[in-house]
Each structure stands twice: as structure tokens, then as C-alpha cells.
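The numbering used here applies: residue 58 is where the sequence shown begins, and numbers increase by one.
Quick reminder that beta carbons are idealized off the backbone N, C-alpha and C, glycines included.
Computed from a predicted structure; not experimentally measured.
A quick write-up on the structure given underneath.
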Amino acid sequence: MARMSRGWNALLYIAPRLTPSSVTGAAASRSLLRIRYPHHRPTLTNYNHQICRVHKEAKVEPLTATKEDDLSLNKWKIKMLYDGECPLCMREVNMLIERDKSYEAIKFVDISSNDYSPAENQGLDYETVMGRIHAILSDGTVVKDVEAFRRLYEEVGLGWVYAITKYEPIATIAAAVYSVWAKYRLQITGRPALENILEARKKNTGGACDDSKACKM
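Laid out in C-alpha cells, this is it:
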């Protein structure tokens, strides 16, 4: 009995000094942790409190467009209003689209689309832009006829093509030739008269007006 008593005394003396690393077995480690560190016992309540605290302190900033984003959306230098249903016209438009991939200076607007809006294009209605080619500079200036072509070509590195049309008598001759083309464009390309196209478009769109009350017709 004396020997057993001495053994228990030795165990009681050593146990408080033991650490989990000096005892084998997961159960023994947990027991020793409870003996030496009774206060080190995480509770679910504490975790919930911390999560709620983080949630309350967290702030979510709204996404806003930066100045760079605004510039990228409006970086075009000239807007081309073209008739997407004109087969001959589209050959030239497609060429300009291909060239513009390297310049990104032209915004192309198809006036034949039912979504065409005069309010977004300096008030130019469908009938007006069908009669002659129009382009709009980034500052809102409207140009038409040969000058529109000259400006468009300049923006894609082909300014030399129309450069001569700035000077007389070529300017007058070029303007006269274009006027003839504009007058007979629909007949030359095998399309109905403008009056018939306008009537058909009116039926398709219902003579609709956009929010600014500027009618698409």
C-alpha cells in the first residue's frame, strides 16, 4: 500500500506539468488541455458574436463608372449614318468598318434599323438621312454629302482619296455627281421609291416616337 500511495503522489505531482506533446493518444491530449487550460474552450456563442460583428462593420461600395470608362464609351470621332439595306452602300461601309478596326474612330449607325432614333442623332429623321449621307462629329457638328465621305476617310487613314474634293473646280463637280447619285440611288439599286419605303416603315414602327417625342419617321 505504501508503494501504491507513493505512485499516486508522483502522478499527481507530474500531471500538471505534462503537455499534450508528451502524452500519446488524442483522448489523453484533450484531457490534459482541459486540465491545464480550462479557459481555452471556444463556444458557438462567441463565434456567432464575432460573425455578426464583422457583418455589421463590413461596407459594400457601389460600383460606379470611372472617368476612363466614360471616355472609352465616347471615344469615337465621327458617327456615320448609313443605310443598311443599300447593297452598294454596304460595300463601302464594310470597307470602312474593316479599316476602322485599327483606328476605332467611327461609330456606325444603321438608319434602316427600327431602333434608329433621331433624338440620339442631332434630330436627323429617317427621311432626311435616307435622302443624302450624313455624319456627325463628336462635338455634334453635322456634315453631309461629299464632306461626310471626306471626313470618314480621313479618320481611317484614307484622307488622300477625297483630298482633291476640297478644291475648285473639283469640289463643285464632286458635289454635282453625288447629288445625281443621291437622287437616283434607290432606283439604281432596284429598291422602291422613297415614298413607298417611308410608308412601309411607318407601318412597321407604328409611327412611333421615342421618349423625347421625336418621331422616328
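Of the listed residues the options, nearest to residue i (C-alpha basis)
| i | options | result |
| --- | --- | --- |
| leucine 255 | Ala228, Met187, Pro226 | Met187 |
| glutamine 244 | His191, Ile135, Cys143, Pro175 | Cys143 |
| tryptophan 133 | Ser169, Arg208, Gly141 | Arg208 |
| isoleucine 196 | Arg258, Tyr224, Lys136 | What sits at residue 196 in the sequence shown is aspartate, not isoleucine. The option with the nearest alpha carbon to aspartate 196 is Lys136. |
| phenylalanine 42 | Tyr235, Gly247, Pro226 | An answer regarding residue 42 cannot be provided, because it is not within the stretch 58 to 274 covered by the chain. |
| tyrosine 173 | Gly141, Val150, Met147, Met152 | Gly141 |
| valine 237 | Pro226, Thr262, Asp202 | Asp202 |
| arginine 258 | Arg242, Ser170, Ile227 | Ser170 |
Pair within 9 Å by beta-carbon distance, residue i and residue j
| i | j | result |
| --- | --- | --- |
| leucine 138 | leucine 181 | yes |
| isoleucine 190 | alanine 239 | yes |
| alanine 231 | threonine 222 | yes |
| glutamate 184 | leucine 251 | yes |
| glutamine 179 | valine 199 | yes |
Residue i, DSSP secondary structure in three states
| i | result |
| --- | --- |
| isoleucine 254 | helix |
| glutamate 212 | helix |
| alanine 233 | helix |
| leucine 194 | strand |
| lysine 136 | strand |
| lysine 223 | helix |
| lysine 201 | strand |
| lysine 164 | strand |
| threonine 185 | helix |
| arginine 248 | coil |
| tyrosine 280 | Any property of residue 280 remains undetermined from this structure, which presents the chain solely from 58 to 274. |
Where residue i falls, given that 16 or more other Cβ within 10 Å makes a residue buried
| i | result |
| --- | --- |
| leucine 145 | exposed |
| threonine 246 | exposed |
| aspartate 127 | Confidence in aspartate 127 is poor, its pLDDT being 41 and thus under 50, which makes the residue's placement too unreliable to answer from. |
| glutamate 229 | Here the sequence assigns threonine to residue 229, which means glutamate is not the residue at that position. By the 10 Å Cβ count, threonine 229 comes out exposed. |
| tyrosine 224 | exposed |
| lysine 260 | exposed |
| valine 166 | buried |
Distance cut-off 8 Å: residue i Cβ against heavy atoms of the ligand HEM
| i | result |
| --- | --- |
| glycine 141 | By its list of ligands, the structure shown contains no ligand whatsoever, and the ligand HEM lies outside what it can speak to. |
Touch test, the region 213 to 220 against the region 155 to 166, Cβ-Cβ under 8 Å, three pairs minimum: yes
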